[in-house]
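Engineer: After the structure tokens below, expect a handful of questions from me.
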Amino acid sequence: MRDHDFPAPQRRGRGKSRFDDDEPDFLKRGRRTPALADPDAEPDVEDAWSSWDQAVHGPEPHPEWLVTELAARDTELGVLKTGKEADVHLVRRAVPGTDRGCLLAVKRYRDAQHRLFHRDAGYLEGRRVRRSREMRAMTGRTAFGRQMIAGQWAAAEFAALSRLWEIGAASGRIAVPYPVQLLGTELMLEFVGDAGAGEAAPRLAQVRPDDDELRDLWDQLVEALTVLARAGYAHGDLSPYNLLVHAGRLVLIDLPQVVDVVANLQGAEFLARDVRVVAAWFTARGMPATVTDPAALTEALLREAGIR
4 MRDHDFPAPQ
14 RRGRGKSRFD
24 DDEPDFLKRG
34 RRTPALADPD
44 AEPDVEDAWS
54 SWDQAVHGPE
64 PHPEWLVTEL
74 AARDTELGVL
84 KTGKEADVHL
94 VRRAVPGTDR
104 GCLLAVKRYR
114 DAQHRLFHRD
124 AGYLEGRRVR
134 RSREMRAMTG
144 RTAFGRQMIA
154 GQWAAAEFAA
164 LSRLWEIGAA
174 SGRIAVPYPV
184 QLLGTELMLE
194 FVGDAGAGEA
204 APRLAQVRPD
214 DDELRDLWDQ
224 LVEALTVLAR
234 AGYAHGDLSP
244 YNLLVHAGRL
254 VLIDLPQVVD
264 VVANLQGAEF
274 LARDVRVVAA
284 WFTARGMPAT
294 VTDPAALTEA
304 LLREAGIR
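Position 72 (the sequence shown) corresponds to 75 in this note's numbering; numbering is contiguous.
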């Protein structure tokens, strides 16, 4: 495996985080946190019917909280997050006239003209489609090819979440949102946060844990990365901004760029970068560098993945 050095994080101006958020600056400027609609409100007659019968479903058995009735309606409550590749919306799926309802996070990838996928050629290494026409379109970044790539991001995230959710449900060693359904380039996920208030769980970058909580979160992270490696994955874009903390549990999100560490020639490099970024955050919060040693953790994870 070739060694490749990724650029070290640059020092930023005073008062600014040294860790990159995944939201572009032009979306942040002048933007306020959107007001969300009442999650307990009755659905309007104009709301869309549930798309459950049209979509690919998540792993069975489906969670008890999930509404699968075709009589349900999906009510848009607002935007939870804007990002480079997709926006995440809050949706309430409920059966009118009953108490059956649930909150969902709906990730919608942008159309071919407005996506900002970065370094996608490296992430797509190891992913293949059968038809040569589609491969040529993706390689040439035609409009059709870009749409194909968006579909691959959504499908890759759905597949990875499905597998990791099954592992987590069986072992409790990793937490990810339940992948509810996939329809085209729209991915419906379990809402992670306070469902009553419609408030999403904070990102790791937003929390200020004490020493004991910090160590517990680090241990959870190492366990999750170990599960990923044993499954043959690297997150590919891991940072404190795509880890949520909910009820003391670290929840892994944003996996469209998940990397097959065996099939992708740069897999070990992506894994090493993931480790460096999150280890730097924990070290900056007071964890001993001997505990968060990124080189040692990377080597251990590569062994778990079977490529050392």
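We put the CB at the ideal spot given by N, CA and C, even for glycine.
1) When you compare each of L268, A108, A227 to S356 by their alpha carbons, which one comes out closest?
2) Please state whether DSSP places D277 in a helix, a strand or coil.
3) Look at the alpha carbon of T295 and the alpha carbon of A282, and state the distance between them as a whole number of angstroms.
4) By Cβ distance below 7 Å, which residues in the same chain neighbour L258 in space, the five residues on each side in sequence not counted?
5) Would you check if the distance between the CB atom of Y112 and the CB atom of A89 is smaller than 8 Å?
6) Which two residues bound the contiguous alpha helix (DSSP H) that contains L231?
7) Using 8 Å as the threshold, is the stretch 282–293 in touch with the stretch 250–264, meaning 3 or more CB pairs across them?
8) In angstroms, rounded to a whole number, what distance separates the CA positions of S54 and L73?
9) If you reduce the DSSP assignment to three classes, tell me which class G171 lands in.
10) Can you tell me where the beta strand (DSSP E) holding T293 begins and where it ends?
11) From what residue to what residue does the beta strand (DSSP E) around D90 run?
12) Do three or more CB pairs link the stretch 210–226 to the stretch 267–277 at distances below 8 Å?
13) Have a look at V59, A75, G289 and flag the residue whose alpha-carbon is nearest the alpha-carbon of D214.
14) Give me the Cα-Cα distance between L321 and P205, rounded to the nearest whole angstrom.
15) Suppose you measure from the CA of P243 to the CA of L207; what does that come to, to the nearest Å?
16) Would you call the stretch 76–89 and the stretch 58–68 touching, i.e. three or more CB-CB distances under 8 Å?
17) Since G81 is in the beta strand (DSSP E), which residue starts that stretch and which ends it?
18) For L305, which of E189, V265, T71 has the nearest alpha-carbon?
19) Please name the residue or residues paired with E202 in a DSSP beta bridge.
20) When you compare only the Cα positions, how much space is there between L231 and L69?
21) How would you write the range of the beta strand (DSSP E) that Y112 sits in, first residue to last?
22) Looking at the secondary structure, which residues open and close the beta strand (DSSP E) in which V248 lies?
23) Using a threshold of 8 Å, state whether the C-beta atoms of V280 and M191 are closer than that.
24) Taking its Cβ as the centre, do 16 or more other Cβ atoms sit within 10 Å of D240, making it buried, or is it exposed?
25) Please look up how many angstroms separate the CB atoms of G199 and L93, rounded, as I've assumed it's under 8 Å.
Structural biologist: In short, the structure shows the following:
1) The structure shown does not extend to residue 356, since the chain is modelled only from 4 to 311, so the question has no answer here.
2) The answer is helix: DSSP assigns D277 an H, G or I state.
3) Each residue's alpha carbon lies about 5 Å from the other.
4) The residues are E160, A163, L164, H238.
5) When the beta-carbon positions are compared, Y112 and A89 come within less than 8 Å of each other.
6) Note, L231: alpha helix (DSSP H), 214–233.
7) At 8 Å Cβ cutoff, the stretches do not touch.
8) Approximately 8 Å, taken between the alpha carbons.
9) Looking at G171 - three-state DSSP - the assignment turns out to be helix.
10) Element bounds for T293: n/a, residue is neither H nor E.
11) For D90, the uninterrupted beta strand (DSSP E) run begins and ends at 89–97, by DSSP.
12) Judged by Cβ distances under 8 Å, the stretch 210–226 makes no contact with the stretch 267–277, as fewer than three pairs qualify.
13) That would be G289, whose Cα lies nearest to the Cα of D214.
14) Absent from the structure is residue 321, since the part of the chain shown begins at 4 and ends at 311.
15) Rounded to whole angstroms, P243 to L207 spans 5 Å at the Cα level.
16) Verdict: no, contact absent.
17) Segment 76–85, the beta strand (DSSP E) holding G81.
18) Considering only E189, V265, T71, the residue with the shortest C-alpha distance to L305 is V265.
19) According to DSSP, which records beta bridges pairwise, E202 is partnered with D197.
20) L231 and L69 have their alpha carbons spaced roughly 26 Å apart.
21) For Y112, the enclosing beta strand (DSSP E) has its first and last residue at 104–112.
22) 246–249 is the extent of the beta strand (DSSP E) around V248.
23) No, the pair does not count as a contact, with Cβ atoms beyond the cut-off.
24) Taking all protein chains in view, the Cβ of D240 is crowded by 16 or more other Cβ atoms within 10 Å, so the residue is classified as buried.
25) Incorrect: roughly 13 Å between the Cβ atoms, too far for contact.
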